[in-house]
Amino acid sequence: MSNTFTIGRHGSFQLRYGWITKGIQAIQTQKSRKIADVFTSDDATVNLGVGKNMVAAIRYWLMATKVIDNESITEFGEFLNKNDAYLEDDASLWLLHLALAQNKELSTSIYWLFNHFHQNEFSAEEAGSAFLSYAKENNWKGSEKTLRMDIQVILRMYAPHKSAKTQIEDMLESPLSLLGLIKHFDGKYHFSFDPKNTPIEVIAHNIGDQFKGDKPVSIHDLMYGDNAFAPALKIREDELIAILEKITQKYGDYHLREDAGVFQLHKSTTIDTYKCLEEYYAA
Numbered sequence: 000m001s002n003t004f005t006i007g008r009h010g011s012f013q014l015r016y017g018w019i020t021k022g023i024q025a026i027q028t029q030k031s032r033k034i035a036d037v038f039t040s041d042d043a044t045v046n047l048g049v050g051k052n053m054v055a056a057i058r059y060w061l062m063a064t065k066v067i068d069n070e071s072i073t074e075f076g077e078f079l080n081k082n083d084a085y086l087e088d089d090a091s092l093w094l095l096h097l098a099l100a101q102n103k104e105l106s107t108s109i110y111w112l113f114n115h116f117h118q119n120e121f122s123a124e125e126a127g128s129a130f131l132s133y134a135k136e137n138n139w140k141g142s143e144k145t146l147r148m149d150i151q152v153i154l155r156m157y158a159p160h161k162s163a164k165t166q167i168e169d170m171l172e173s174p175l176s177l178l179g180l181i182k183h184f185d186g187k188y189h190f191s192f193d194p195k196n197t198p199i200e201v202i203a204h205n206i207g208d209q210f211k212g213d214k215p216v217s218i219h220d221l222m223y224g225d226n227a228f229a230p231a232l233k234i235r236e237d238e239l240i241a242i243l244e245k246i247t248q249k250y251g252d253y254h255l256r257e258d259a260g261v262f263q264l265h266k267s268t269t270i271d272t273y274k275c276l277e278e279y280y281a282a
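Its first residue numbered 0, the sequence shown is counted upward by one per residue in numbering that gives the first Met the number 0.
So this is what it looks like as structure tokens:
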């Protein structure tokens with residue numbers, strides 16, 4: 000199972016402001032090149048305006064956030080570039096976070112942190128040790144040093160330290176810190192989430208992608224499935240049901256039903272999951 004793990008490919012560089020835009024623009028201005036060549040060519044550092052290691056990091060984050068794949072800019076990447084290229088709306092940051100937290104293969108540490116790590120208060124050392132145990136249980140054979148570095152980078156990306164200079168620099172470098180999903184104080188990290196902070200349109204878009212054909216999606220799958228939505232935001236089952244009720248009120252194509260004590264989300268038609276996002280950004 001270790002071949003499904005991606006650890007440390009960001010080269011210790013957290014996702015920074017401007018990198019999504021910078022990467023997409025580089026691809027668009029070099030349409031005659033394959034995506035891999037945009038980031039590996041001799042002039043990549045000049046075209047992207049950063050050092051060689053940062054070029055590799057930009058490519059990694061573009062893929063981990065599902066903005067690009069090996070062949071092209073994805074539908075999600077095109078949508079983001081069209082509607083909020085400079086990540087000025089928090090909804091865009093939520094979309095990027097969800098992409099990372101639901102990407103076990105390319106964003107393993109973030110996926111693990113939100114889906115499998117259930118300690119609400121912890122140190123970087125404790126998180127690193129727990130992640131190492133998880134990796135070993137899944138037959139990962141890489142470097143412990145790289146793994147612990149990975150966790151430290153991710154924690155700093157989501158939760159800048161409180162020292163004035165470091166906090167300002169980290170927040171400027173990492174847009175995801177603005178979401179407030181993880182906070183750092185007194186030497187400890189804490190998960191923190193308020194469901195009201197995430198636009199309902201973002202949640203509707205993400206949940207829409209959970210359907211397989213016409214089959215309903217169970218609350219259990221949204222809470223605990225392999226690509227579950229709820230863990231990515233650290234929300235409880237009662238909070239999830241409240242969110243789903245709001246979605247069904249706003250979007251008539253969704254219906255929440257209870258059968259023998261089991262809640263399931265149904266859809267009445269084929270849903271364009273980007274339509275609700277387009278309405279949000281157009282407002």
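The beta-carbon is built from N, C-alpha and C at its ideal position, and this holds for glycine as well. What you are looking at is a predicted structure, and each value in this text was computed from that prediction instead of being measured.
Distance CB(proline 174)-CB(leucine 105) smaller than 8 Å:
Translated into the one-based positions of the sequence shown, residue 174 becomes position 175. Translated into the one-based positions of the sequence shown, residue 105 becomes position 106. Cβ distance not < 8 Å, so proline 174 and leucine 105 don't count as in contact.
Complete runs of the beta strand (DSSP E) confined to the region 139 to 195 [at least 3 residues]
181 to 184 and 187 to 190
For my contact list, alanine 231 and phenylalanine 75 are in at a C-beta cut-off of 8 Å; report their separation, rounded to the angstrom.
Reading the sequence shown from its first residue, position 232 is the one you call residue 231. Reading the sequence shown from its first residue, position 76 is the one you call residue 75. Alanine 231 to phenylalanine 75, Cβ: 15 Å. No contact.
Range of the contiguous beta strand (DSSP E) that encloses arginine 8
Residue mapping note: residue 8 aligns to position 9 of the sequence shown, counting from 1. Element bounds for arginine 8: n/a, residue is neither H nor E.
Looking at the ligand NAP, does it come within less than 7 Å of threonine 269, judged from the CB to the closest heavy atom?
Only the bare structure without any ligand can be found here, which leaves the ligand NAP out of the picture.
Comparing alpha-carbon positions, which option in Ile240, Met62, Phe262 and Asp83 lies nearest tyrosine 280?
Along the sequence shown, one-based indexing puts residue 280 at 281. Taking only the C-alpha atoms, the option nearest tyrosine 280 is Asp83.
Buried or exposed: which applies to asparagine 80, given that a residue is buried once 16 or more other Cβ atoms fall within 10 Å of its Cβ?
Numbered from 1 along the sequence shown, position 81 holds the residue referred to as residue 80. Counting Cβ neighbours within 10 Å, asparagine 80 comes out buried, since at least 16 surround it.
Coarse secondary structure for valine 261, derived from DSSP in three states
As a working note, residue 261 is residue 262 in the sequence shown. If DSSP states are grouped into helix, strand and coil, valine 261 belongs with the strands.
Euclidean distance between Cα positions of aspartate 213 and tyrosine 273
Translated into the one-based positions of the sequence shown, residue 213 becomes position 214. Translated into the one-based positions of the sequence shown, residue 273 becomes position 274. Going from the Cα of aspartate 213 to the Cα of tyrosine 273 covers about 18 Å.
For histidine 183, the nearest candidate out of Pro159, His204, Ile150 and Tyr59 (CA to CA):
As a working mapping, residue 183 is identified with position 184 in the sequence shown. Closest option to histidine 183, Cα to Cα, is Pro159.
With a 10 Å radius around its C-beta and 16 neighbouring C-beta atoms as the bar for buried, classify tyrosine 188 as buried or exposed.
Taking the first residue of the sequence shown as 1, we reach residue 188 at position 189. Buried is the call here.
For lysine 103, collect the residues of the same chain with a Cβ closer than 6 Å to its Cβ; drop the 5 residues on either side in sequence, then sort them by chain order.
Against the sequence shown, residue 103 aligns to sequence position 104. These residues qualify, in order along the chain: Tyr110.
Just the C-alpha distance for aspartate 66 and threonine 73, rounded to the nearest angstrom, thanks.
As a working mapping, residue 66 is identified with position 67 in the sequence shown. As a working mapping, residue 73 is identified with position 74 in the sequence shown. The question names aspartate, but residue 66 is valine in the sequence shown. Valine 66 and threonine 73: Cα-Cα distance of roughly 6 Å.
Quick one: grab the DSSP three-state call for tyrosine 273.
The residue you call residue 273 lines up with position 274 of the sequence shown. Correct three-state label for tyrosine 273: coil.
Kindly indicate which residue of Phe78, Thr44, Thr28 and Leu95 has the alpha-carbon position closest to the one of tryptophan 60.
The residue given as residue 60 occupies position 61 in the sequence shown. The shortest C-alpha separation from tryptophan 60 is found at Leu95.
Per DSSP, which residues does glutamate 120 bridge with? Please list them.
Within the sequence shown, numbered from 1, the residue matching residue 120 stands at position 121. For glutamate 120, which the question treats as bridged, DSSP gives the partners His189.
What number of angstroms, rounded off, separates the C-alpha of lysine 144 from the C-alpha of isoleucine 270?
Taking the first residue of the sequence shown as position 1, residue 144 is located at position 145. Taking the first residue of the sequence shown as position 1, residue 270 is located at position 271. One Cα belongs to lysine 144, the other to isoleucine 270, and the distance between them is close to 45 Å.
Given this structure, state the Cα-to-Cα distance separating serine 267 from histidine 219, to the nearest angstrom.
Position 268 of the sequence shown, counted from the first residue, corresponds to residue 267. Position 220 of the sequence shown, counted from the first residue, corresponds to residue 219. Those two C-alpha atoms are separated by around 20 Å.
Cα-Cα separation between methionine 222 and valine 37, rounded to whole angstroms:
Here residue 222 corresponds to residue number 223 of the sequence shown, with the count starting at 1. Here residue 37 corresponds to residue number 38 of the sequence shown, with the count starting at 1. Distance between the alpha carbons of methionine 222 and valine 37 is about 39 Å.
Give the secondary structure of leucine 285 by DSSP, where H, G and I count as helix, E and B as strand, and everything else as coil.
Any question about residue 285 goes unanswered here, given that the chain covers just 0 to 282.
Using DSSP with H/G/I as helix, E/B as strand and the rest coil, what is threonine 37?
What you label residue 37 is simply residue 38 of the sequence shown in a count that begins at 1. In the sequence as displayed, the identity of residue 37 is valine instead of threonine. DSSP places valine 37 in helix when its eight states are reduced to three.
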